[in-house]
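**Student:** Okay, here's the structure, questions in a sec.
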Amino acid sequence: MLEDQTARTEGMSERIPAQPAADARPPLDWPSGYPDGYAVVDVETTGLARDDRIVSAAVYRLDARGEVEDHWYTLVNPQRDPGPTWIHGLTAEALAEAPLFAQIADEFAARLAGRVLVAHNAIFDWSMIAREYARARREAPVRQRLCTIALSKELSLPLPNHKLESLAAHYGVVQQRAHHALDDARVLAEVFRPSLHLAARHQVRLPLLACKPLSEWSESVVRRGGGPAAGGHRSYGSWRPSRKRPACPYPNPGRYEPGGRLVQGMRVAISGDTSVDRELLEDRAIEAGLHIATSVSRLTSLLVTNDPDAATSKLVKARSFGTPVIDEAAFTQLLQDVAPAPAS
2 MLEDQTARTE GMSERIPAQP AADARPPLDW PSGYPDGYAV VDVETTGLAR DDRIVSAAVY
62 RLDARGEVED HWYTLVNPQR DPGPTWIHGL TAEALAEAPL FAQIADEFAA RLAGRVLVAH
122 NAIFDWSMIA REYARARREA PVRQRLCTIA LSKELSLPLP NHKLESLAAH YGVVQQRAHH
182 ALDDARVLAE VFRPSLHLAA RHQVRLPLLA CKPLSEWSES VVRRGGGPAA GGHRSYGSWR
242 PSRKRPACPY PNPGRYEPGG RLVQGMRVAI SGDTSVDREL LEDRAIEAGL HIATSVSRLT
302 SLLVTNDPDA ATSKLVKARS FGTPVIDEAA FTQLLQDVAP APAS
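Given below as structure tokens:
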């Protein structure tokens, strides 16, 4: 049975052979480069935009080999409409007496400090957490994150999709209350442990990514007065901030030829989740002289996606236009050697 909703503490290289889903035995020869501990996190929010707020948070602390040390859960008063109550189940009345984020920031930080943040689609949870700390003029004590979606891909797990429930079903973990931060974190901790052991058994590199603080974002929010609660625009369409980018200085040389090199000026579109922070991936492409397109057209040189079977509008258009499609890993490799634009 789940706990009451109040804060508390309790004391891609080669394919990996298929393993029994229940085999969670840690290998005897543990990789020396693996982290010393993990903070498995889930946050529920008022929405998906950059100005949305956290309404509940949960952390399961795990040791170096994935064993649970303790867990913690809290409600958070977002000081605004709670958003999709039909998803997270938290009403304005339930959150009215909850602590503000600034009031739980120290305890939350103590649970994250010195550990790798683990989450399902980790860039979302990390971004929401980092923005809350930025609003409080603080910095979250997280230096690395690990996405369980990226880890399942590294392990080549036979999943029908990358939803948490599919990963849970693979390992036989029963979800008691989906979209409740504490139960989602519990499920994630239970599926992360056998994944970690499988990775260690086969000496798989963990897909660790650096976490950058959002001090610049913090200052802009403070100057605006804290976002939508102070009268700003609210959007549920995307949690990523829109950014105006400089125009690409090179002409479009045409489509990418599979097996060849990227060429400066090529128009690249990205669809779906990425293991690397999407903005960071886009910035790398722009620095290499590529044009990041927000949609797919006949002029698009290449589409990057980690889920080529998804029926997204970008993929549908790419197929209709015959646009080449590659995954993020291949694109990242190609970014290391982009050909200069042809001389005009």
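So the sequence shown is numbered by my numbering: it starts at 2 and just counts up by one.
From the three backbone atoms N, C-alpha and C, an ideal C-beta is built for every residue, glycine too.
Considering only the alpha carbon of each residue, which of A103, W87, I293, D185 lies closest to H121?
**Tutor:** For the options A103, W87, I293, D185, the alpha carbon positioned closest to that of H121 is the one of D185.
**Student:** Output the boundary residues of the alpha helix (DSSP H) element that contains T333.
**Tutor:** 329-336
**Student:** Tell me which residues share the same chain as A93 and place their Cβ nearer than 6 Å to its Cβ, disregarding the 5 neighbours each side in the sequence.
**Tutor:** Excluding sequence neighbours, A93 sits near P83.
**Student:** Would you list the one or two residues that DSSP bridges to D43?
**Tutor:** Its beta-bridge partners are A59.
**Student:** Our contact map puts Q265 next to L209 with C-beta atoms below 8 Å; I'd like the distance itself, whole angstroms only.
**Tutor:** Going by Cβ atoms, the distance from Q265 to L209 rounds to 30 Å, so no, they are not a contact pair.
**Student:** Excluding the 5 residues preceding and the 5 following A286 in the sequence, name in chain order all residues of the same chain whose CB lies nearer than 7 Å to its CB.
**Tutor:** Cβ within range, chain order: V269, I293, L336.
**Student:** First and last residue of the beta strand (DSSP E) that includes L165?
**Tutor:** From DSSP, L165 is part of no beta strand (DSSP E) but of the alpha helix (DSSP H) over 165-172.
**Student:** Is W73 helix, strand or coil by DSSP?
**Tutor:** strand
**Student:** How many whole angstroms separate the CB atoms of E198 and P36, which I take to be in contact at a CB cut-off of 8 Å?
**Tutor:** According to the sequence as given, residue 198 is His; it is not Glu. Between P36 and H198 the Cβ distance is about 14 Å, and since that is not below 8 Å, they are no contact.
**Student:** Going by alpha carbons, who is nearest to E166 out of F193, E155, L156, V143?
**Tutor:** Comparing Cα-Cα distances from E166 to each of F193, E155, L156, V143, the minimum goes to F193.
**Student:** Based on the DSSP output, what are the partners of S272 in its beta bridges?
**Tutor:** T306
**Student:** Counting C-beta neighbours from all protein chains within 10 Å, is the total for S314 16 or more, i.e. buried, or is it exposed?
**Tutor:** S314 sits exposed, since fewer than 16 C-beta atoms from the chains shown fall within 10 Å of its C-beta.
**Student:** Given Y257, which residues of its chain have a CB within under 7 Å of its CB, disregarding the five upstream and five downstream residues?
**Tutor:** The residues are L263, M267, S302, L303, P325.
**Student:** Can the beta-carbon of A114 be found less than 8 Å from the beta-carbon of C148?
**Tutor:** no
**Student:** Check whether the Cβ atoms of R81 and R54 sit closer than 8 Å, and answer yes or no.
**Tutor:** Yes, they are a contact pair.
**Student:** Measuring CB atoms only, is the stretch 87-104 touching the stretch 124-139, in the sense that at least three cross pairs come out at less than 8 Å?
**Tutor:** yes
**Student:** Whose CA, out of R116, C212, K154, lies closest to the CA of Y39?
**Tutor:** R116
**Student:** Could you spell out where the alpha helix (DSSP H) holding A95 opens and where it closes?
**Tutor:** 93-96
**Student:** Between Q334, S196, E191, A190, which lies nearest to P159 when the distance is taken from Cα to Cα?
**Tutor:** Relative to the Cα of P159, the nearest Cα in the group Q334, S196, E191, A190 belongs to S196.
**Student:** If I measure Cβ to Cβ from Q177 and keep anything under 6 Å in the same chain, skipping five residues before and after, which residues do I get?
**Tutor:** D184
**Student:** What's the gap between the Cα of G260 and the Cα of A340?
**Tutor:** 13 Å
**Student:** Where does L147 fall in DSSP's three states?
**Tutor:** strand
**Student:** For P325, which three-state DSSP category applies?
**Tutor:** coil
**Student:** For V188, report the span of its alpha helix (DSSP H) as first-last.
**Tutor:** 182-202
**Student:** Under DSSP, the beta strand (DSSP E) around H292 begins and ends at which residues?
**Tutor:** Looking at the DSSP string, the run of the beta strand (DSSP E) that includes H292 is 292-294.
**Student:** So is I150 buried or exposed if we call it buried at 16+ other beta carbons inside 10 Å?
**Tutor:** buried
**Student:** Just how far apart, CA to CA, sit P343 and A179?
**Tutor:** 53 Å
**Student:** The beta strand (DSSP E) that contains A111, what's its start and end?
**Tutor:** It is not in any beta strand (DSSP E) - A111 instead sits in the alpha helix (DSSP H) that spans 102-113.
**Student:** Run through the DSSP bridge pairs and tell me what V264 is partnered with.
**Tutor:** A340
**Student:** I need the DSSP call for V317, collapsed to helix, strand or coil.
**Tutor:** Of the three classes helix, strand and coil, the one that applies to V317 here is helix, per DSSP.
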